[in-house]
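Peer 1: With the numbering used here, letter number 2 in the sequence shown gets 65, and the count goes up by one each step, no holes.
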Amino acid sequence: MSTTASTIKTGHQIGGTPFSPTRESIRAFCEASLDFNPLHLDDDYMKGNFGRTNFGGIIMHGMNNFGVITKMLTDWTHELGGVQRRLETRWKAPVKPGDTITPSAVVTSSKDTQGSRWLTLDVQVQNQRGETVALGEAMVEVPLNR
Numbered sequence: 064m065s066t067t068a069s070t071i072k073t074g075h076q077i078g079g080t081p082f083s084p085t086r087e088s089i090r091a092f093c094e095a096s097l098d099f100n101p102l103h104l105d106d107d108y109m110k111g112n113f114g115r116t117n118f119g120g121i122i123m124h125g126m127n128n129f130g131v132i133t134k135m136l137t138d139w140t141h142e143l144g145g146v147q148r149r150l151e152t153r154w155k156a157p158v159k160p161g162d163t164i165t166p167s168a169v170v171t172s173s174k175d176t177q178g179s180r181w182l183t184l185d186v187q188v189q190n191q192r193g194e195t196v197a198l199g200e201a202m203v204e205v206p207l208n209r
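This is how it looks when you write it as structure tokens:
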């Protein structure tokens, strides 16, 4: 059975594409976002007592987590003819080069309006060790007549 807006219920789960950041992809994101904070670029800086925390090397930009979640939601809603309307996230743990992160989501509520179903989802990103690195909530709108 194919997924349509009318078949999506609370508890419906979606998964995203794993992403493995590299030093090069972290640098490219810094350049694209114009965020040249040394915590994303300078290993020596990050081995010190940055913010009283020693990350032991550079970390991925938190907005990359936002990006993997957005890709998951966009890929899913596009198939349904829908759009992402809102995304709120919190960064829970650093992501380092060589980690692999994977987004997932579960529908927590739905509300039908004229022609659309609005879905609220709990979203999260986990690393290869099963640790949650980002949490949040999203809202998408999908047409009922498709």
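Idealized CB from N, CA, C, for every residue including glycine.
Everything numeric in this text was worked out from a predicted model, so none of it was measured.
With DSSP run on the structure shown, which of helix, strand or coil describes Asn100?
Peer 2: Along the sequence shown, read from residue 1 onward, the residue named residue 100 stands at position 37. Here Asn100 sits in coil by DSSP.
Peer 1: Could you check whether His103 and Ile132 sit closer than 8 Å to each other, using their CB atoms as the reference points?
Peer 2: Translated into the one-based positions of the sequence shown, residue 132 becomes position 69. Translated into the one-based positions of the sequence shown, residue 103 becomes position 40. Not a contact, by the Cβ cut-off of 8 Å.
Peer 1: What are the start and end residues of the beta strand (DSSP E) that includes Leu182?
Peer 2: Within the sequence shown, the letter at position 119 stands for residue 182. Run containing Leu182: Ser179 to Asn190, per the beta strand (DSSP E) assignment.
Peer 1: Who are Asp175's beta bridge partners in DSSP?
Peer 2: The residue given as residue 175 occupies position 112 in the sequence shown. Partner(s): Arg180.
Peer 1: By the DSSP assignment, the beta strand (DSSP E) with Thr85 in it spans what residues?
Peer 2: The residue given as residue 85 occupies position 22 in the sequence shown. Thr85 -> no beta strand (DSSP E), and no H or E assigned at all.
Peer 1: How many whole angstroms separate the CB atoms of Val158 and Val196, which I take to be in contact at a CB cut-off of 8 Å?
Peer 2: If you number the sequence shown from 1, residue 158 lands on position 95. If you number the sequence shown from 1, residue 196 lands on position 133. The pair is a contact, with the Cβ atoms about 5 Å apart (cut-off 8 Å).
Peer 1: Is Ser66 helix, strand or coil by DSSP?
Peer 2: The count along the sequence shown starts at 1 and reaches residue 66 at position 3. Reading off the sequence, residue 66 comes out as Thr, not Ser. DSSP places Thr66 in coil when its eight states are reduced to three.
Peer 1: Could you say if the segment 86 to 106 and the segment 175 to 190 meet the contact criterion of at least three C-beta pairs nearer than 8 Å?
Peer 2: These segments do not touch.
Peer 1: Could you tell me which residues DSSP puts in a beta bridge with Thr195?
Peer 2: Along the sequence shown, read from residue 1 onward, the residue named residue 195 stands at position 132. Answer is Gln189.
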